[in-house]
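Chemist:
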Amino acid sequence: MGSPLTYVIALYIRLSTEDSKVGSFSIENQRHTLRQYAEDMMMEGVKNVELREFVDNGYSGTNFERPAVQELLELVRAGSINCIIVKDFTRFGRNSIEVGYFMEMVFPLYNVRFISINDDFDSDQLHGDTGGINVAFKYLISEFYSRDLSIKYKSAKYVRFRRGEYQSKRCPYGYQKGANGRMEPNEETAPNVRLIFELSRDGYSPKQIVKALFERGVLTPGEYKAAHGSCVHDVSRCHHIWPESTVSNILNDERYTGTYIMGKREVTEVGGHHV
85 MGSPLTYVIA LYIRLSTEDS KVGSFSIENQ RHTLRQYAED MMMEGVKNVE LREFVDNGYS
145 GTNFERPAVQ ELLELVRAGS INCIIVKDFT RFGRNSIEVG YFMEMVFPLY NVRFISINDD
205 FDSDQLHGDT GGINVAFKYL ISEFYSRDLS IKYKSAKYVR FRRGEYQSKR CPYGYQKGAN
265 GRMEPNEETA PNVRLIFELS RDGYSPKQIV KALFERGVLT PGEYKAAHGS CVHDVSRCHH
325 IWPESTVSNI LNDERYTGTY IMGKREVTEV GGHHV
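Heads up: the sequence shown begins at 85 in this note's numbering, then just goes up one per residue.
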């Protein structure tokens, strides 16, 4: 934290999955723009500046459930932030009601200066005003753009669904994603899945199947991923011992019967969490 004489400037950067396709929205581009602006402020007389960077990579702007922005807002409430700089309003958020609440109520209460570079917005120049109808329209346009983009993205996803393309980055154990976007058996792990079903057919319980896999030295799914450069969690203590729950999940997963299951859950509204 800065001392009472330190002027703390928070540089907030956000990049969503859709934004990553646009070069001007890249994290590096935003970082360069924000730092350059902060350096210009220092040259114009702002002294004893401490720059702090907050980055939400891969998060939508339709709500504020983002780790970096939550950390930033906690520091605002603690009185530890003097100024927030964003590249444009959409980086801070696309929900006009929530963003308006922070700009009109929270930031003025804690004497936090808010700057949006591309929108030529600086709360210090408004003398207590919040930007009026121009700012309101910019937020509304941003919110409608976000909703329109989400609908288009969802429509494109369902087109891929109908083509039979698998949308998740991770396939179930025993499968891999083929060149055509569809799931296909992974010849290295598919035999292990077949073995699990064959043992179950012969009357083996999940506990007995775990023992049989261990006796054969079959790598657990986690160990297999780690061996292929995708270490999601610590597998140093596995020693080829499969969790019974993993075996049970495979036996109960309808996808192993050849049924293609997609789109079981969807968010009911843009930025919402009701599924």
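We put the beta carbon where it would ideally sit given N, CA and C, even for glycine.
(1) Let me know if A263 comes out buried or exposed under the rule of 16 or more other beta-carbons within 10 Å of its beta-carbon.
(2) Does DSSP classify E272 as helix, strand or coil?
(3) Which one of Q260, S100, V190, Q292 has the shortest CA to CA distance from R178?
(4) Between V302, S289, K253, M267, which lies nearest to P275 when the distance is taken from Cα to Cα?
(5) Using CA coordinates, which residue listed in Y259, V331, R254, F191 is at the minimum distance from L283?
(6) Would you kindly work out how many angstroms separate the C-alpha atoms of I168 and E350, rounded to a whole number?
(7) If we count the other Cβ atoms within 10 Å of its Cβ and call it buried at 16 or more, is S207 buried or exposed?
(8) Starting from S200, trace the beta strand (DSSP E) in both directions and tell me its first and last residue.
(9) By the DSSP assignment, the alpha helix (DSSP H) with I181 in it spans what residues?
(10) Taking buried to mean at least 16 other C-beta atoms within 10 Å of its own C-beta, is R150 buried or exposed?
(11) For T273 versus G287, is the C-beta distance shorter than 7 Å?
(12) For A310, which option in F298, H323, E299 has the closest C-alpha, if you only look at C-alpha atoms?
(13) According to DSSP, simplified to helix, strand and coil, what is I217?
(14) Compute the distance between the beta-carbons of Y91 and N166, then report whether it is under 7 Å.
(15) Go through its chain and collect everything with a Cβ distance to D337's Cβ below 7 Å, but skip five positions before and after it.
(16) Compute the distance between the beta-carbons of D203 and F173, then report whether it is under 7 Å.
(17) Which of the three DSSP states is assigned to R115 in this structure?
(18) Rounded to whole angstroms, what is the Cα-Cα separation between G306 and A152?
(19) Hey, how far is the Cα of V183 from the Cα of A94?
(20) For the beta strand (DSSP E) containing E188, list its first residue and its last residue.
(21) Which class does G86 belong to by DSSP, given the choice of helix, strand or coil?
(22) Grab the span of the beta strand (DSSP E) containing R136 for me, first residue to last.
(23) Taking the beta carbon of M127 as the centre, do at least 16 other beta carbons fall within 10 Å, making it buried, or is it exposed?
(24) Per DSSP, which one or two residues make a beta bridge with K412?
(25) Can you look up R246 in the DSSP assignment and give me helix, strand or coil?
(26) Mapping the DSSP letters down to three states, classify A311 as helix, strand or coil.
(27) Pop quiz: W326 and V359 are said to be a contact at Cβ under 8 Å. What is the actual Cβ separation, rounded to whole angstroms?
Modeler: Taking the coordinates as given:
(1) As a working note, residue 263 is residue 179 in the sequence shown. With a threshold of 16 other beta carbon atoms within 10 Å, A263 falls short and is exposed.
(2) The sequence position of residue 272 within the sequence shown is 188, counting from 1. The answer is coil: DSSP assigns E272 none of H, G, I, E or B.
(3) To locate residue 178, count along the sequence shown from 1; it is residue 94. Ranking the options by Cα distance to R178, first place goes to S100.
(4) On the sequence shown, position 191 is the one that residue 275 refers to. Here the closest residue by C-alpha is V302.
(5) Counted from its first residue, the sequence shown places residue 283 at position 199. When each option's Cα is compared against that of L283, the closest is V331.
(6) Here the question's residue 168 lines up with position 84 in the sequence shown. Here the question's residue 350 lines up with position 266 in the sequence shown. Approximately 34 Å, taken between the alpha carbons.
(7) Residue 207 sits at position 123 when you count from the first residue of the sequence shown. S207 comes out buried.
(8) Within the sequence shown, residue 200 is the residue found at index 116, counting from 1. From DSSP, the beta strand (DSSP E) with S200 extends over 197-200.
(9) Within the sequence shown, the letter at position 97 stands for residue 181. Residues 180-185.
(10) Numbered from its first residue, the sequence shown carries residue 150 at position 66. Under this definition R150 is a buried residue.
(11) Locating residue 273 in the sequence shown gives position 189, counting from the first residue. Locating residue 287 in the sequence shown gives position 203, counting from the first residue. Contact check for T273 against G287 fails: the beta carbons are separated by 7 Å or more.
(12) Looking up residue 310 in the sequence shown gives position 226. Selected option, being the one with the closest Cα: H323.
(13) Locating residue 217 in the sequence shown gives position 133, counting from the first residue. Here the model assigns I217 a pLDDT of 49, short of 50, so the residue's position is not dependable and the matter cannot be decided.
(14) Position 7 of the sequence shown, counting from 1, holds the residue named residue 91. Position 82 of the sequence shown, counting from 1, holds the residue named residue 166. Against a cut-off of 7 Å, the Cβ pair of N166 and Y91 comes out as a contact.
(15) The residue you call residue 337 lines up with position 253 of the sequence shown. Within its own chain, the residues whose Cβ lies closer than 7 Å to the Cβ of D337, once the five positions on either side in sequence are excluded, are P256, listed in chain order.
(16) Taking the sequence shown and counting its residues from 1, one reaches residue 203 at position 119. Taking the sequence shown and counting its residues from 1, one reaches residue 173 at position 89. Result yes, Cβ atoms of D203 and F173 sit closer than 7 Å.
(17) For this step, residue 115 is matched to residue 31 along the sequence shown. Secondary structure of R115 (DSSP, three-state): helix.
(18) The residue labelled residue 306 in the question sits at position 222 within the sequence shown. The residue labelled residue 152 in the question sits at position 68 within the sequence shown. Their backbone Cα atoms lie some 29 Å apart in a straight line.
(19) Residue 183 sits at position 99 when you count from the first residue of the sequence shown. Residue 94 sits at position 10 when you count from the first residue of the sequence shown. Going from the Cα of V183 to the Cα of A94 covers about 17 Å.
(20) Along the sequence shown, read from residue 1 onward, the residue named residue 188 stands at position 104. Bounds of any beta strand (DSSP E) do not take in E188, whose DSSP letter is neither H nor E.
(21) In the sequence shown, the residue the question calls residue 86 occupies position 2. The predicted model places G86 with a pLDDT of 49, which falls under 50 and marks its position as unreliable; any figure quoted below should be read in that light. Residue state, collapsed to three classes: coil.
(22) Numbered from its first residue, the sequence shown carries residue 136 at position 52. Start and end: 133-141.
(23) Within the sequence shown, numbered from 1, the residue matching residue 127 stands at position 43. It counts as exposed.
(24) This structure leaves residue 412 out entirely; the chain is present only between 85 and 359.
(25) Against the sequence shown, residue 246 aligns to sequence position 162. It is helical.
(26) Indexing the sequence shown from 1 puts residue 311 at position 227. A311: helix per DSSP, three-state reduction.
(27) Looking up residue 326 in the sequence shown gives position 242. Looking up residue 359 in the sequence shown gives position 275. Actually they do not touch by this definition, with Cβ atoms about 30 Å apart.
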